[in-house]
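Let me begin by presenting the structure, written as structure tokens, before commenting on it.
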Amino acid sequence: VGAAHHEGGPGYAFLELHPDYRHLEAEMITWAEDHLARVHDDGTRELVFFVYDYDFPRRTLLMDRGYEARWDGVMRKMRLNSRRPIPAPDLRPDVIAAGYTIRTTEPTHADAQRIADVINAGFNRTFHRAAELTNFYANSPDFRHDLDFVAVAPDGSFASYAGLTLEPVNKYAIFEPVCTHPDHRRQGLAQALMLTGLHKLRALGAVDVYVGTGDAIPANRLYDSLGFTEMYKGHGWVKTW
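All residue numbers for the sequence shown refer to my numbering, where the first residue is 1 and numbers rise by one.
Here it is, written out as structure tokens:
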């Protein structure tokens, strides 16, 4: 009926909970504090929960425990109806001339490593590895390589990445992640990947598409231009003790 877990490492806690069992939520938060907090060098502990603003019960539980809302997050949504025009996912002529190409990923170690590299660079991280992506390919029930898009740079590295997951029963999909290497930004690569994905989703009968974002202005400008409207706002609730 529920699960409490991290995602990639300590310090961030996620609660998955059937709505009929919300009475277990306080106990799950306590467990997360005991097992999922990041321990700093000085011995202090820190834990973050992301909570949408509409979730008053969870926000109240966290406030009562000393958590504070620190940073923003937004879930954006697009309705893929037959009347919505979707531009062609074309790269600019100068980008094509420079040697960039778009393709889907392949189930190889080399592609997994290049995806890890572009995610690390795009989000200023260091912890993503090929093994993480290989595990995701093998075990995610809805993963499909034909919905996993990359822009390949002239040197063969991945310049931009847009992963899509489609839930076929309820016909909704989510872009996660979307990122571009800092050396290859402002060339329309992420936009071309997302448009490619939207055309593919429409062909597969998807109805709703989501993308999560923070307060990064360039990313939100891109999502606005594609037609994603703001759906839910939330905050990262942080506690240090």
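Cβ atoms here follow ideal geometry from the backbone N, Cα and C, with glycine treated the same way.
Note that the structure is predicted; figures quoted are calculated from it, not measured.
Would residue i and residue j qualify as a contact pair, given that the criterion is a beta-carbon distance under 9 Å?
i: Thr104; j: Asp142; result: no
i: Val48; j: Trp237; result: yes
i: Ile29; j: Ala3; result: no
i: Ile115; j: Leu133; result: yes
i: Tyr137; j: Ala112; result: yes
i: His184; j: Ser160; result: yes
i: Val193; j: Ile102; result: Here residue 193 turns out to be Leu, not Val, going by the sequence shown. Going by C-beta atoms, Leu193 is nearer than 9 Å to Ile102.
i: Leu36; j: Glu25; result: no
i: Ala98; j: Pro177; result: no
i: Cys179; j: Ile119; result: yes
i: Tyr100; j: Ala151; result: yes
i: Val39; j: Tyr232; result: no
i: Asp117; j: His128; result: yes
Rounded to the nearest angstrom, what separates residue i and residue j at their Cα positions?
i: His5; j: Ile96; result: 42 Å
i: Ala174; j: Val211; result: Residue identity differs from the one stated: residue 174 is Ile in this sequence, not Ala. Approximately 6 Å, taken between the alpha carbons.
i: Leu80; j: Ala206; result: 7 Å
i: Ala190; j: Asp53; result: 28 Å
i: Phe56; j: Gly234; result: 11 Å
i: Arg83; j: Phe228; result: 15 Å
i: Asn135; j: Glu27; result: 30 Å
i: Val1; j: Tyr21; result: 7 Å
i: Asn170; j: Pro87; result: 25 Å
i: Tyr15; j: Gly188; result: Note that residue 15 is Leu in the sequence shown, not Tyr. In a straight line, the C-alpha of Leu15 is about 35 Å away from that of Gly188.
i: Lys239; j: Asp42; result: 16 Å
i: Pro19; j: Arg186; result: 42 Å
Going by alpha carbons, who is nearest to residue i out of the options?
i: Pro85; options: Gly214, Leu195, His235; result: Leu195
i: Ala110; options: Ala219, Trp71, Ser157; result: Ser157
i: Glu46; options: Phe56, Pro10, Ala26; result: Pro10
i: Arg70; options: Phe50, Ala88, Pro87, Gly122; result: Phe50
i: Glu230; options: His18, Asp72, Asp42, Asp117; result: Asp72
i: Arg125; options: His181, Arg186, Ala192, Arg144; result: His181
i: Met78; options: Asp215, Lys239, Tyr172; result: Tyr172
i: Ala162; options: Glu7, Ala219, Val74; result: Ala219
Report back the beta-carbon spacing between residue i and residue j to the nearest angstrom; my notes put them in contact at under 8 Å.
i: Leu201; j: Val209; result: 6 Å
i: Leu164; j: Gly197; result: 5 Å
The stretch 211-220 in contact with the stretch 56-66 per 3-pair CB rule at 8 Å:
no
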